[in-house]
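S.K.: Provided herewith is a single structure, encoded as structure tokens, for subsequent inquiry.
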Amino acid sequence: MKPLRIFAIRTCIACRKSENSANLLRVVLVDGVVTPDLKRNLPGRGARLHTACGFDAIQRKAFKWAFKLTESPDVSAFKKFLTELKEMDAKDMKLK
Ligand SMILES: [Zn+2]
1 MKPLRIFAIR TCIACRKSEN SANLLRVVLV DGVVTPDLKR NLPGRGARLH TACGFDAIQR
61 KAFKWAFKLT ESPDVSAFKK FLTELKEMDA KDMKLK
């Protein structure tokens with residue numbers, strides 16, 4: 001019997017909504033730095049969230065909770081990633 005292809009349901013760490021994991025961005029902690037796992041191949045404990053919830057997650061210190069840390073991790077790289085993503089979206093909108 002072939003296994004059915006079922007998408008995993010994950011919870012966004014910012015808005016706490018359940019979502020098909022394909023629609024969520026996976027982030028992992030690499031040396032204390034929150035890193036977007038764009039190719040979904042980074043090892044380690046991951047957290048998932050909507051890209052739209054990214055800034056919210058930073059503000060709410062959701063990563064500290066998601067990674068069970070005592071202090072908030074370094075989110076500067078993730079912030080940069082979100083900012084670039086936003087700029088890309090803005091460019092896309094202009095094209096349309
Ligand atoms: Zn969300």
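Throughout the sequence shown, residue numbering follows the UniProt record's numbering, covering 1 to 96 in sequence. From the three backbone atoms N, C-alpha and C, an ideal C-beta is built for every residue, glycine too. In this text the structure is predicted, and so the values were computed from the model without any measurement.
For the pair the region 18-26 and the region 57-68, tell me if three or more CB-CB distances fall below 8 angstroms.
M.R.: Touching, no, given that fewer than three Cβ pairs across the two stretches are closer than 8 angstroms.
S.K.: Which residues, in chain order, sit with a beta-carbon under 5 angstroms away from any heavy atom of ligand 1?
M.R.: 12, 14, 15, 50, 53
S.K.: Any idea if residue 43 is buried or exposed, counting beta-carbon neighbours within 10 angstroms, 16 or more meaning buried?
M.R.: One-based indexing of the sequence shown puts residue 43 at position 43. Exposed, since its Cβ has fewer than 16 Cβ neighbours within 10 Å.
S.K.: So the alpha helix (DSSP H) residue 6 belongs to, where does it begin and stop?
M.R.: Taking the sequence shown and counting its residues from 1, the one referred to as residue 6 is at position 6. Note, residue 6: premise wrong, no alpha helix (DSSP H); not H, not E.
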